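Line by line, the protein sequences are chains A and B. Reminder that position 166 of the first sequence reads as 166 in my numbering, one-by-one numbering, no gaps. Reminder that position 216 of the second sequence reads as 663 in my numbering, one-by-one numbering, no gaps.
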Amino acid sequence: MSGASITAEPPVRGAPPASAGGRWRRYAVAAAFLGPAALFLIVWIIYPAIYTFVQSLYRGTGFSEFAGIDNYKTLFTSPNLVQAIKNNAIWVAVVPAAVTALGLIFAVLTERVRWSVAFKTVVFMPMAVSAFAAGVTWRIMYQQDPDQGAINAAIASAKGVFSPEGVLSQAAPSTDALKPTPGGGLDLAKPLSPGGVATLGLTRVPSAEVPPTAKQAVLPEPLQGGIDGVVWRDFKPGGGTPGKVEEGELGIPGVTVELRDAGGKTLSSTKTADDGTFKFPGLSQGQYQVDIGASTFAKPFGGVSWLSAQLITPSIIIAYIWIWAGFAMVVIAAGLAAIPRDVLEAARTDGATEWQVFRRVTVPLLAPVLSVVFITLLIQVLKVFDIVIAVAPQSVQDDANVIALAMWRTSFGGVSDFGLGSAIAVFLFILVIPVLLLNISRFRREV
Amino acid sequence: MTAAAAEVESRPVAGESVATKILRVLGKAPVHFVLVLVGLLWLVPTLGLFLTSLFSATDVNSLGWWEIFSKPSLATFQNYQEIWHNQSIRSAFWTTVWISLGGTFLPIIIAALAGYAFAWLEFPGRDWLFVLVIALLVVPLQMALIPMFRLYSDLGIFDTVLSLVLFHTAFGLPFAIFLLRNFFIGIPKELLEAARIDGASEIRIFLRLILPLGLPAIASLAIFQFLWTWNDLLVALSLARDTQPLTVAIFSQLRQFGNNLELIAPASFVSLIVPLAVFFAFQRYFVQGLLAGSVK
């Protein structure tokens with residue numbers, strides 16, 4: 001294609017094409033306008049690009065030791081760099097598609113509400129912020145301790161509804177009458193009949209864990225037609241006698257006690273009172289088992305380790321989607337607004353359902369916009385750097401590694417292997433070349 | 448934005464009965480619900496950062512930011528006072544300001560000149576040169592870090608604000624030229640012809656006609672450049688050591704993450720609130736620029 005065919009419209013000719021001198025004068029003016037830009041583009045982009053390419057063929061720093069394609073071999077064999085390439089492949093596979101889909105959903109939904117501008121502003125906001133600061137923000141969200149990390153706190157409170165934390169973290173039976181169960185509870189070895197009293201003595205209960213409402217333990221009177229008993233801290237200064245409720249020993253409130261039939265089926269469960277007593281009234285004759293339920297010792301939720309080697313990449317990707325969804329939404333919404341209403345109306349009049357209109361009319365008409373969003377994200381994701389280095393702690397940066405981060409770490413982050421760093425940069429450049437060609441052909445079609 | 452279109456759609460139909468109106472609103476309830484939920488989800492992290500920054504140094508590394516809702520008395524601006532008196536953070540703030548201002552105005556001036564040449568001056572190879580500029584648009588700046596690191600060292604300008612500004616200028620140029628050229632070419636031809644017939648020089652046309660008319664595009668470009676340079680981490684991290692902008696200053700604190708949130712949180716919030724303020728002040732230009740850059 002010739003250069004002339006790129007611009008459909010020839011430029012304005014200022015003066016008629018008069019003398020040759022006048023033409024040269026005009027060229028000189030153009031050169032003066034272009035000069036500064038040319039200087040910058042040549043010195044800061046074109047010359048360095050050539051430099052980097054040549055450097056990638058040499059070992060270490062400088063041009064003393066020719067390495068051929070060794071640096072590129074290292075790039076595809078060093079486990080660290082292969083991991084970076086693999087991770088980047090995950091980014092490429094997940095992020096552009098996810099962000100485009102999310103942007104499309106948001107754009108379509110906001111069309112239906114009046115406060116769409118407020119919504120768009122909120123979702124778009126992260127785009128203005130640096131990926132680095134956004135990364136720090138998410139790192140605070142991702143802290144593992146549910147007392148500090150908001151995400152784990154949310155999970156913990158949701159979990160608390162279904163399986164609350166037990167009153168005790170640990171305890172041991174004070175006598176052999178109680179046996180540990182495989183499930184983590186404590187089982188009274190001897191079965192009881194109605195009228196029996198269960199004495200469930202515990203030791204090794206950390207003082208701090210005895211609830212503040214606890215009162216002096218009381219051994220209850222036998223219950224007519226039922227089983228009762230007490231769970232208490234079978235220990236007092238000086239020791240006391242194991243298995244006997246004594247003055248100065250506290251009942252343990254809030255302990256789950258379960259009643260099971262001879263077959264082991266749980267019939268009922270209750271919680272102990274402040275003096276440690278509990279009762280199962282209204283039982284028919286027979287043998288019953290009493291035990292302290294495992295839920296008494298249920299461990300508190302320790303938090304998902306979002307920043308661990310296994311989860312780090314998904315965690316960072318979530319934060320990244322949070323940043324870019326607004327971009328996709330705004331661009332797609334603009335495309336949506338440009339779709340002629342009458343086309344949609346015509347489809348509806350012809351009896352198409354809303355879904356059919358969306359699937360068969362809206363999406364195809366949006367295809368160019370969707371591809372712009374997708375391609376923009378593709379380039380961004382290939383070069384992703386700031387957010388990875390912000391979210392991933394030093395210890396998991398090998399696991400979270402991506403190409404741009406590997407390039408920086410190899411060249412500046414301690415190692416200073418300029419040859420290998422250059423090879424990584426060239427590799428990155430090669431990856432975006434298809435996008436470059438696409439851009440140029442798009443430009444040619446448009447102008 | 449589609450605000451106008453959305454309003455047309457949801458405006459109550461004339462003569463609609465109360466019952467159908469209620470039905471219409473109820474029918475949209477799930478949409479409202481989802482959008483409110485998503486909106487909250489998008490607000491929470493930034494809000495969390497801000498609230499975290501309000502804890503005192505003793506509380507910040509042990510409490511979650513939501514605790515501030517139940518104990519508002521824990522909130523204090525003390526951390527902000529501290530970082531304002533922290534020499535390195537304060538100088539990082541001003542370094543960021545200078546880098547961003549330089550990195551915004553320099554490329555705009557240079558790109559406006561070039562954009563005008565590409566749009567309205569005639570010279571051989573113009574279109575090929577413009578294609579070259581578009582090609583440079585996607586060159587990753589990683590391609591220039593190592594050579595510039597060495598060149599800056601050789602020239603003795605390594606680790607200066609100037610060297611960072613120049614780097615940002617160069618890598619901002621392709622997009623800036625692209626955007627401005629496309630905007631300038633839409634300026635009515637008659638205006639330029641009239642000026643040229645009146646004998647105005649090109650530089651005069653540029654200053655008196657193109658720049659004022661191009662102001663909307665220049666404004667959106669200025670916002671973009673400002674945000675890019677303000678938000679940069681990679682360039683400053685690679686091409687400077689002691690000339691630290693905020694992002695690098697915070698980065699150097701990350702190693703201790705968990706023990707120094709009283710510093711990281713407020714500093715991050717400062718580094719985040721400036722671009723956010725710019726975004727809110729010039730939202731219209733920002734979105735225009737975005738659409739001009741990507742949707743054509």
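A virtual CB, placed ideally from N, CA and C, is assigned to each residue, including glycine. As the structure is a prediction and not an experimental result, all values here were calculated from the model.
Q703 (chain B) at chain A interface by Cβ criterion, 8 Å: In the second sequence, the residue the question calls residue 703 (chain B) occupies position 256. So, not an interface residue.
Q143 (chain A): first and last residue of the uninterrupted alpha helix (DSSP H) it sits in: Residue mapping note: residue 143 (chain A) aligns to position 143 of the first sequence, counting from 1. It is not in any alpha helix (DSSP H) - Q143 (chain A) carries neither H nor E in the DSSP assignment.
Enclosing alpha helix (DSSP H) for P220 (chain A) [first to last residue]: Sequence index remark: in the first sequence, residue 220 (chain A) carries index 220 (1-based). No alpha helix (DSSP H) contains P220 (chain A), which DSSP labels as neither H nor E.
Closer than 9 Å at the beta carbon, the chain A residues around L592 (chain B): The residue labelled residue 592 (chain B) in the question sits at position 145 within the second sequence. Those are P48, T52, M407, W408, S411, F412, G421 and A425, listed as they occur along chain A.
For G619 (chain B), the nearest candidate out of B:F698, B:N706, B:L510 and B:L553 (CA to CA): Here residue 619 (chain B) corresponds to residue number 172 of the second sequence, with the count starting at 1. Minimum Cα distance to G619 (chain B) is reached at B:L553.
Expected contact under 8 Å - CB spacing of G123 (chain A) and G486 (chain B) to nearest Å: Counting from 1 along the first sequence, the entry for residue 123 (chain A) is found at position 123. Counting from 1 along the second sequence, the entry for residue 486 (chain B) is found at position 39. A small correction: the amino acid at residue 123 (chain A) is Val; Gly does not occupy that position in the sequence shown. About 7 Å separates the two Cβ atoms, so the contact holds.
Beta-carbon proximity list for A4 (chain A), same chain, < 8 Å, skipping 5 on both sides: In the first sequence, the residue the question calls residue 4 (chain A) occupies position 4. Residue confidence is low: A4 (chain A) scores 35 on pLDDT, short of 50, so the model does not pin down where it sits. Its coordinate-derived value is still stated next. Closer than 8 Å at the Cβ level, and outside the excluded window around A4 (chain A), lies no residue.
Sequence-distant residues of its chain with Cβ nearer than 6 Å to Q735 (chain B) (five each side left out): As a first step, residue 735 (chain B) must be located in the second sequence, where it is residue number 288. If we look at Q735 (chain B) and ignore the five residues flanking it on each side, its Cβ neighbours are S667.
Cβ-based burial, N706 (chain B) [other Cβ within 10 Å; buried from 16]: One-based indexing of the second sequence puts residue 706 (chain B) at position 259. The residue in question, N706 (chain B), is exposed, as its Cβ has fewer than 16 Cβ neighbours within 10 Å.
Alpha carbon of I323 (chain A) to alpha carbon of M125 (chain A), nearest angstrom: As a first step, residue 323 (chain A) is located in the first sequence; it is residue number 323 there, counting from the start. As a first step, residue 125 (chain A) is located in the first sequence; it is residue number 125 there, counting from the start. Near 8 Å, if we compare the C-alpha coordinates of M125 (chain A) and I323 (chain A).
Residue-chain proximity (Q672 (chain B), chain A), Cβ-Cβ < 8 Å: Counting from one through the second sequence, the residue named residue 672 (chain B) turns up at place 225. By this cut-off, Q672 (chain B) is not an interface position.
DSSP state of L115 (chain A) mapped onto helix, strand, coil: In the first sequence, residue 115 (chain A) corresponds to position 115, counting from 1. Residue identity differs from the one stated: residue 115 (chain A) is Trp in this sequence, not Leu. Of the three classes helix, strand and coil, the one that applies to W115 (chain A) here is coil, per DSSP.
For A338 (chain A), three-class secondary structure by DSSP: Along the first sequence, read from residue 1 onward, the residue named residue 338 (chain A) stands at position 338. The answer is coil: DSSP assigns A338 (chain A) none of H, G, I, E or B.
Straight-line gap, L200 (chain A) to A298 (chain A) (C-alpha atoms, nearest Å): Numbered from 1 along the first sequence, position 200 holds the residue referred to as residue 200 (chain A). Numbered from 1 along the first sequence, position 298 holds the residue referred to as residue 298 (chain A). Spanning the two alpha carbons is a distance of roughly 18 Å.
Contact between the segment 32 to 45 of chain A and the segment 608 to 619 of chain B (3+ Cβ pairs under 8 Å): yes
Interface residues of chain A facing T505 (chain B) [CB-CB closer than 8 Å]: Here residue 505 (chain B) refers to the residue found at position 58 of the second sequence. Going along chain A, no residue has its Cβ under 8 Å from T505 (chain B), so there is no contact; the nearest lies around 14 Å.
The segment 643 to 661 of chain B: positions lying closer than 7 Å to chain A by Cβ: R643 and E649
Contacts around A714 (chain B), its chain only, beta-carbon distance under 6 Å, and the 5 residues preceding and following it disregarded: In the second sequence, the residue the question calls residue 714 (chain B) occupies position 267. Cβ neighbours of A714 (chain B) beyond the five flanking positions: I530, I536 and I697.
Residues near K279 (chain A) by beta carbon distance below 8 Å, same chain, minus five either side: Position 279 of the first sequence, counted from the first residue, corresponds to residue 279 (chain A). P220, L223, G226, I227, D228, G229 and T270.
Min CB distance P314 (chain A) to chain B below 8 Å: By one-based count along the first sequence, residue 314 (chain A) stands at place 314. Not one chain B Cβ lies under 8 Å of P314 (chain A).
Min CB distance M125 (chain A) to chain B below 8 Å: Translated into the one-based positions of the first sequence, residue 125 (chain A) becomes position 125. By this cut-off, M125 (chain A) is an interface position.
First through last residue of the beta strand (DSSP E) which encompasses E258 (chain A): In the first sequence, counting from the first residue as 1, residue 258 (chain A) sits at position 258. Note, E258 (chain A): beta strand (DSSP E), T256 to D261.
C-beta contact flag for P587 (chain B) and V373 (chain A) at 8 Å: Here residue 587 (chain B) refers to the residue found at position 140 of the second sequence. Here residue 373 (chain A) refers to the residue found at position 373 of the first sequence. No; because the gap between Cβ atoms is not below 8 Å, this pair is not in contact.
Host beta strand (DSSP E) of V210 (chain A) (start-end): As a working note, residue 210 (chain A) is residue 210 in the first sequence. It is not in any beta strand (DSSP E) - V210 (chain A) carries neither H nor E in the DSSP assignment.
Close Cβ partners of V94 (chain A) (< 7 Å) along its chain, the five nearest in sequence each way excluded: Along the first sequence, one-based indexing puts residue 94 (chain A) at 94. Within the same chain, V94 (chain A) has close Cβ partners I317.
V721 (chain B) burial status per 10 Å Cβ neighbour count (16 or more: buried): Residue numbering aside, residue 721 (chain B) sits at position 274 when the second sequence is read from its first letter. It counts as buried.
Three or more C-beta pairs below 8 Å linking the segment 254 to 263 of chain A and the segment 283 to 292 of chain A: yes
Neighbour flag for Q55 (chain A) against chain B, beta carbons, 8 Å: As a first step, residue 55 (chain A) is located in the first sequence; it is residue number 55 there, counting from the start. Taking Cβ atoms only, chain B reaches closer than 8 Å to Q55 (chain A), which makes this a yes.
Option nearest T313 (chain A) by Cα separation, candidates A:N87, A:L41 and A:L178: Position 313 of the first sequence, counting from 1, holds the residue named residue 313 (chain A). Comparing Cα positions, the closest option is A:N87.
Bridge partner(s) assigned by DSSP for F66 (chain A): If you number the first sequence from 1, residue 66 (chain A) lands on position 66. F66 (chain A) pairs with A:Y58.
Exposure of F727 (chain B), with buried meaning 16 or more beta-carbon neighbours within 10 Å: By 1-based counting over the second sequence, the position of residue 727 (chain B) is 280. Its Cβ having fewer than 16 others within 10 Å, F727 (chain B) is exposed.
Identity of the residues DSSP links to K271 (chain A) by a beta bridge: The count along the first sequence starts at 1 and reaches residue 271 (chain A) at position 271. Beta-bridge pairing links K271 (chain A) to A:T256.
Counted within 10 angstroms of its Cβ, other Cβ atoms place L662 (chain B) as buried (16 or more) or exposed: Here the question's residue 662 (chain B) lines up with position 215 in the second sequence. By the neighbour-count rule (16 or more Cβ atoms within 10 Å), L662 (chain B) is not buried but exposed.
Nearest residue (CA-CA) to A476 (chain B), options A:G135, A:T110 and A:E354: On the second sequence, position 29 is the one that residue 476 (chain B) refers to. Nearest option by C-alpha distance: A:T110.
Closest by C-alpha distance to F385 (chain A), when choosing among A:T376, A:M329, A:Y320 and A:W355: Within the first sequence, residue 385 (chain A) is the residue found at index 385, counting from 1. Of the listed residues, the one whose Cα sits closest to F385 (chain A) is A:Y320.
Proximity test, Cβ basis, 8 Å: D291 (chain A) and chain C: Absence of chain C from the displayed structure is noted, the protein chains being A and B.
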